[in-house]
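One structure is given here, and the rest of the page talks about it.
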Amino acid sequence: MIGELVSLARLGYAAVSGVDALVASLTRMGLHLALRGRALDRQAAEDIVERARARVPQDTGRLFSGIEATEVDGVWGVQASAVNPRDPREMDYAFLVEHGTWPGVRGERVADAAYFGPRDPDGALAVNPRTGRRYRRADANRRTRRTHPGTPPHPYFWPSVNEVMAERGLAADALINEAANREGLT
Numbered sequence: 587m588i589g590e591l592v593s594l595a596r597l598g599y600a601a602v603s604g605v606d607a608l609v610a611s612l613t614r615m616g617l618h619l620a621l622r623g624r625a626l627d628r629q630a631a632e633d634i635v636e637r638a639r640a641r642v643p644q645d646t647g648r649l650f651s652g653i654e655a656t657e658v659d660g661v662w663g664v665q666a667s668a669v670n671p672r673d674p675r676e677m678d679y680a681f682l683v684e685h686g687t688w689p690g691v692r693g694e695r696v697a698d699a700a701y702f703g704p705r706d707p708d709g710a711l712a713v714n715p716r717t718g719r720r721y722r723r724a725d726a727n728r729r730t731r732r733t734h735p736g737t738p739p740h741p742y743f744w745p746s747v748n749e750v751m752a753e754r755g756l757a758a759d760a761l762i763n764e765a766a767n768r769e770g771l772t
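Now the structure itself:
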């Protein structure tokens, strides 16, 4: 009975005797992945900026120069921002370029003399005898002061992000395989 326990203990010690070497290999691999991963993230952010700037429509150049990559606490981010200095609301219009806008009416509606009618023989507005209100032709000859035809979407940001992140995923897979091969873990 004791002999079996001793041989079982020897077998257990032999099975875990390589733990220190495994931990050292995994530590080196983790350090290698962290350092190379930061470079991979920086390159991905720069690629997103480059591709988004190549796709963005340019009018004043504010949006083109507003596409930038930033690093905060080792995390890379990409943002697109543009504000018209003449706009009192200081609204960022980068998302409007990306997604487009609906057509619409700006300002109030204006009715001219032809809007009201019919008229009686004296030229006064005719009155509906049932309701007691004057007749109006609904939306006849109504004008708007300004209309907005809408703008078509010009996707520049998200297609760039999707392309680069797909490529970054493949590069990360290759990096993991390279690190595992280097440490002899494959």
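Per my numbering, residue 587 is the first one in the sequence shown, and the count goes up by one each step. Idealized CB from N, CA, C, for every residue including glycine.
For this session: Decide if the stretch 631-651 is in contact with the stretch 764-772; the criterion is three or more beta carbon pairs, one per stretch, under 8 Å apart.
Result: Too few Cβ pairs lie closer than 8 Å, so no.
Exercise. Counting Cβ pairs, one atom from each stretch, are 3 or more of them under 8 Å apart for the stretch 667-676 and the stretch 623-638?
Worked result: No, the stretch 667-676 is not in contact with the stretch 623-638.
Exercise. In three-state DSSP terms, what is ALA668?
Worked result: ALA668 falls in the coil class under three-state DSSP.
Problem set entry | VAL661 versus LEU619 - alpha carbon distance | Distance between the alpha carbons of VAL661 and LEU619 is about 15 Å.
Problem set entry | Where VAL642 falls: helix, strand or coil (DSSP) | DSSP, reduced to helix, strand and coil, places VAL642 outside both helices and strands of the structure shown, so it counts as coil.
Exercise. Where in the stretch 608-652 do unbroken runs of the alpha helix (DSSP H), each at least 4 residues long, occur, reported from the N-terminal end onward?
Worked result: The qualifying runs are 648-651.
Exercise. What's the gap between the Cα of ASP645 and the Cα of LEU612?
Worked result: Near 52 Å, if we compare the C-alpha coordinates of LEU612 and ASP645.
Problem set entry | Opposing strand residues paired with HIS734 [DSSP bridges] | Checking the DSSP bridge columns, you'll see HIS734 partnered with GLY690.
For this session: Select from ARG719, VAL609, GLY690, ALA752 the residue whose C-alpha is nearest the C-alpha of THR737.
Result: Ranking the options by Cα distance to THR737, first place goes to GLY690.
Exercise. Can you tell me where the alpha helix (DSSP H) with ARG768 in it begins and where it stops?
Worked result: 743-769 is the extent of the alpha helix (DSSP H) around ARG768.
For this session: Please list, in chain order, all residues of the same chain as ALA757 whose beta carbon is under 7 Å from its beta carbon, the five residues on each side excluded.
Result: Only residues of its own chain outside the window of five on either side were considered, and among them LEU626 have a CB closer than 7 Å to the CB of ALA757, listed in chain order.
Problem set entry | Backbone CA spacing between LEU771 and ALA760 [nearest angstrom] | Taking the straight line from one Cα to the other gives about 14 Å.
For this session: Could you give the DSSP three-state label for ARG678: helix, strand or coil?
Result: A quick correction: the sequence has Asp, not Arg, at residue 678. Of the three classes helix, strand and coil, the one that applies to ASP678 here is strand, per DSSP.
Exercise. Under 8 Å, do VAL683 and HIS734 count as touching if we go by C-beta distance?
Worked result: It is not a contact, given that the beta carbons lie outside the stated cut-off.
For this session: Spell out the partners DSSP gives GLY660 in its beta bridges.
Result: The partner list for GLY660 (beta bridge, DSSP) is empty, contrary to what the question assumes.
For this session: Identify, in the order they occur along the chain, each residue of the same chain with its Cβ nearer than 6 Å to the Cβ of HIS685, setting aside the five sequence neighbours on each side.
Result: Excluding positions up to five away in sequence, the list reads PRO739.
Exercise. So, using beta-carbon positions, are ALA655 and ALA631 closer together than 8 Å?
Worked result: In this structure, the beta-carbon distance from ALA655 to ALA631 falls below 8 Å.
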